[in-house]
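Each remark here refers to the structure printed beneath this line.
There are 2 protein chains.
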Amino acid sequence: MALTGLNLIGNISSGKGTTTFFAANPSTSKNLDTTFIEATNEEVNMAVEKAESAFSSYSSKTSEERARFLETIADEILALGDELISRCMAETALPEGRLIGERGRTMNQLKLFAKVVRDGSWADLRIDTALPDRKPLPRSDIRQMQLPLGPVGIFGASNFPLAFSVAGGDTASALAAGCPVVVKAHPLHPGTSELVGMAILNAARKTQMPDGVFSLIQGPSVEVGMAIVLHPKITAIGFTGSFRGGKAIFDAANKRSTPIPVFAEMGSSNPVFILPGILKKEKSNIAKGLAGSLTLGVGQFCTNPGLLIMDQSDDANDFLKELGEQIKSSTPGTMLSAGIKNNYTAGVNKLTEAQGVSLVASSSETETGNHAQSNVFTTGVHTFMQDHSLEEEVFGPTLLNVSTGNKAEMIKLAESLEGHLTATIHGTAAELQEYSDLIKVLERKVGRIIFNGFPTGVEVCDAMVHGGPYPATTAPQTTSVGTAAIKRFARPVCYQDFPQSALPVALRDENPLKLWRLVNGEWRRE
Amino acid sequence: MALTGLNLIGNISSGKGTTTFFAANPSTSKNLDTTFIEATNEEVNMAVEKAESAFSSYSSKTSEERARFLETIADEILALGDELISRCMAETALPEGRLIGERGRTMNQLKLFAKVVRDGSWADLRIDTALPDRKPLPRSDIRQMQLPLGPVGIFGASNFPLAFSVAGGDTASALAAGCPVVVKAHPLHPGTSELVGMAILNAARKTQMPDGVFSLIQGPSVEVGMAIVLHPKITAIGFTGSFRGGKAIFDAANKRSTPIPVFAEMGSSNPVFILPGILKKEKSNIAKGLAGSLTLGVGQFCTNPGLLIMDQSDDANDFLKELGEQIKSSTPGTMLSAGIKNNYTAGVNKLTEAQGVSLVASSSETETGNHAQSNVFTTGVHTFMQDHSLEEEVFGPTLLNVSTGNKAEMIKLAESLEGHLTATIHGTAAELQEYSDLIKVLERKVGRIIFNGFPTGVEVCDAMVHGGPYPATTAPQTTSVGTAAIKRFARPVCYQDFPQSALPVALRDENPLKLWRLVNGEWRRE
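Here you go:
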């Protein structure tokens, strides 16, 4: 399939604009073929108006029809074959194996949400039947369910060109909830985005979904993204990316004449706590595992471990030395773009120059092009707690160790942390009991607490929380990975004293879909 | 129990401030006894710091302990006896029967949330067990539950001095979720607030809850409320009141260095649609019912019907005439305060002076003191759609009829509406089918759709939605009445590969509490 460089406004390919841009190969810094055309305001408006027009029809599709649509998107992505993988490799410098794996994850996400839609119980169905004889007043028949919000704007992420981009987790969960989607493609992989966008549109046609259920907007400027955020018919935003980008969208959305929710996942530095007992026993294994997690994908994961906290001790010194050796022998990889590399370099330089922070080790190979050296720095708890900027994410394979003096100091440090996506504790089972205070503190700081593991690798399942308190996200009460993400794109509506025939099928007495429902205080599915 | 006029900072009564104020009797405009002292910044800080200190202990209480606390609050409120009712009557001019009913509702809410807490399934428990042999990668054990946010600030409402004030729905749901609460008493009923606050503190002592689980802040100034909103340890706000107040809090909360959710219910004008078929059959019954709903509690309900929409016809004219007769013969009541009465008068004057709007009828008795006359106005669809301010709530017993020409115009009007709490449709069963388009539109505009009933009277049950799109609320994805309100004050956290003994009890394999849990994709309670 030849790339067109056009915006996909529902079923119409459109390039009315005059601003053009190219994807670049991060390994060579050379532009790739295909001239992409940034969408005009008019095109953004058309996409959102089409999404609004499609809403009534799309949200009324049966769960079976919606599930088939999601599954067909997965099929169509696979049908893009090697072309998708090779274009994506060229645009991101991510290795083939990783992208084949990410494609699988993307397809699995779509299929998992198809299952959630088919099951239907996600809609939190609640029924209180009438009590006409109740004194002093009768009770009406009241029935509640979750309904889709309306057209949703989704921003593709740079670091997951498939699994958190055009047909990624946000899109899958919004489509699953019944919301048409307007995606703003990430400008670092516009070709990958167009290919996946075409796959979604093919799936929409094959499953008779309305024109406008999906549109793809291209363009590198802030304005084109903001045109989506500010459009009055957009009802929610999904975003994965930098704090700066997410916060700007959050602020703009709150200043609209009708504010809308922004589900922005803005990354974090994911503190890893290693307790003294386990350090004695498992030094080498943890050092190897941590080095692997730190350098995986050139450190370009939202859950990359950027902070390490250990009580000062000989064991801790030995551990740092061993981690340093691992890092020295790691192979630098190419980052996603020159811009990301520049930001990484700036972050590393800041640590290098920071008072009271010293370098433990760097990967040995000289940097070339957009290659990133891995680094481990170390500092003391007092320096760390006096300079909150040391807690900020350095997006890439760099970790800062913070030495604490004892358990109390470690807990004090934990209390001082801002919101993060994850926290990790390495300890013996006995230590986990002993440090239950630390867990209590971390429960308020993160969305996921990992025991004796590593934060990278986010399972897509019912129980996953990929989220956390601000500034990790702008929506700590939700998750962006896992089936609970569907709740972001819906709101409750209740029907009072409706005749059976006028109720949504899911709320009718006979429960033909055998959904779980809270009926007069009891969960049941008959 | 003698009123002290002091702030209740946990178990300490405190009046360090120099600003004082009084409650007034709305019937006489005379000040009541007891000088109340506005809280200082220092006192607000103390209250929030105490709440923060109490959080760890309070959130770790068993569900049984927390449920007993809620039930004991209900008992203690009842134990206040006539003193509560008579003080509340003096502060609000609401009649005894209404307040006794509202006290019952307040107690029932607390007991209902006790049941929810005891049941425990509200925490959306999700378990995906480990798959160590999965290829290419093993799956970790991942378990998710909802945890309380932290200290919550709650603003008491003027119009529900018991059920939506100090121990009202927001407080009950926040305490149920495990959050300590700092209540800002509504300055129109500080004595009622102090009595109920003492009841909560008595209950806290009797059930061994930590000092700081509840505090009561007094004061009429904007600053004292904002001091709560802006305190860094406050994690969410519950508010019921005016659009201006709610929006100011929403904006301030979003501008904090750590933004927090604001669950503000800001009222609405609750459109009532009467379809032509039912109008022929049930004119008198609907007119009587609507007049009753309009004048109930002097129109001072968030769900008061302020807009009526009918296609122009002889039946519609007859209906308006009949509604007018009902209104003429209704008895004016005393509003909650001189301020509320002044705002009401301004709203009525605006309608009186609006081009293209005419008066149908007013209650006949001359207004005295803070008495409010009831009014029915009428206008045409074009006037209405050209002046969006006609859609704004007039808080009190005034209704605006809007005449539409036909079904298409009625739907167009519905599409033009902003967010409201409720919409009501009167129709025959056949009309409900015929107007399914209207229902589809209203599903996007409101939280509750009522068929052949009236919007006042909000049942407290599992299925209730008291909420709706902005500007009715700042949190359309939640409800402020009903058991689903507990979700506002919690967020999901997941535990990865935790040993059984370190997991919260609700997530352990044996499920000792017999909670509903989503285990490997199946809801079960074994």
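Chains as they are written, first to last, in the working numbering: chain A, 1 to 526; chain B, 527 to 1052. Glycine included, C-beta positions come from ideal geometry on N, C-alpha and C.
Closer than 7 Å to chain D by CB, residue i
i      : result
B:S691 : The structure shown has no chain D; the protein chains it does contain are A and B.
Residue environment, residue i, which counts as buried when at least 16 other CB atoms sit within 10 Å
i      : result
A:Q433 : exposed
A:G191 : buried
A:N406 : exposed
B:V708 : buried
B:N901 : buried
A:L359 : exposed
B:G882 : exposed
A:P512 : exposed
A:H388 : exposed
A:L351 : buried
A:A408 : exposed
For residue i, the three-state DSSP class (helix, strand or coil)
i       : result
A:P455  : coil
A:T40   : coil
A:S221  : coil
A:C88   : helix
B:W648  : helix
A:R134  : coil
B:S810  : helix
B:K837  : For the sequence presented, residue 837 of chain B should be read as Asp rather than Lys. Here B:D837 sits in strand by DSSP.
B:P802  : helix
B:F1015 : helix
B:I603  : helix
B:L1029 : coil
B:Y870  : helix
A:I237  : strand
A:K350  : helix
Other residues of its chain near residue i: CB distance less than 7 Å, five sequence neighbours each side excluded
i      : result
B:R613 : G717, T718 and L721
A:K16  : T40, E42 and E43
A:E522 : none
B:L727 : L534, N537 and F740
A:T235 : L149, G150, P151, V152 and I260
B:A779 : V755, I763, P785, I786 and V788
Cutoff 6 Å; reference residue i; Cβ partners in own chain excluding five residues on either side
i       : result
A:T424  : V272, I450 and P455
B:G873  : V920
A:F301  : T456
B:Q1022 : S666 and I668
A:F22   : N31
Partners in chain A for residue i, counting only beta-carbon separations shorter than 8 Å
i       : result
B:C1020 : G447, R448, I449, A463, M464 and V465
B:T1005 : P492
Within chain A, partners of residue i - CB distance below 7 Å
i      : result
B:N780 : N254
B:Y996 : T258 and P259
Pairwise C-alpha distance: residue j and residue i
i       : j      : result
A:K445  : B:G704 : 17 Å
B:T632  : B:A689 : 5 Å
A:I154  : A:R488 : 12 Å
B:G1008 : B:M990 : 5 Å
B:G953  : B:P802 : 7 Å
A:A506  : A:L125 : 8 Å
Contact test: residue i Cβ vs the ligand MG heavy atom, cutoff 6 Å
i      : result
A:L400 : For the structure depicted, the ligand MG is absent and the ligand set is empty, with no information on it obtainable.
Contact set between residue i and chain B, taken where Cβ atoms lie within less than 7 Å
i      : result
A:P476 : R1017
A:N452 : D1023
A:G521 : D988
A:K61  : The premise fails here: A:K61 is roughly 13 Å from chain B at the closest Cβ pair, so nothing lies under 7 Å.
Residues near residue i in its chain [Cβ-Cβ closer than 8 Å; skip 5 each side]
i      : result
A:G419 : S268, K445, V446, G468, P469, Y470, P471, A472, T473 and P476
B:S747 : T545 and E564
B:L939 : I835, V907, F910, M911, V928 and T930
Amino acids of chain B, ordered along the chain, whose beta-carbon sits closer than 9 Å to that of residue i
i      : result
A:W122 : Within chain B, no residue comes near A:W122; the closest Cβ sits about 10 Å away, beyond 9 Å.
A:L80  : By Cβ distance, chain B contributes nothing, its closest Cβ being about 22 Å from A:L80, past 9 Å.
Closer than 9 Å at the beta carbon, the chain A residues around residue i
i      : result
B:A790 : Those within 9 Å of B:A790 in chain A number zero; the least Cβ separation is about 11 Å.
B:I653 : D462 and A463
Proximal chain B residues relative to residue i, where beta-carbon distance stays under 8 Å
i      : result
A:G150 : R970
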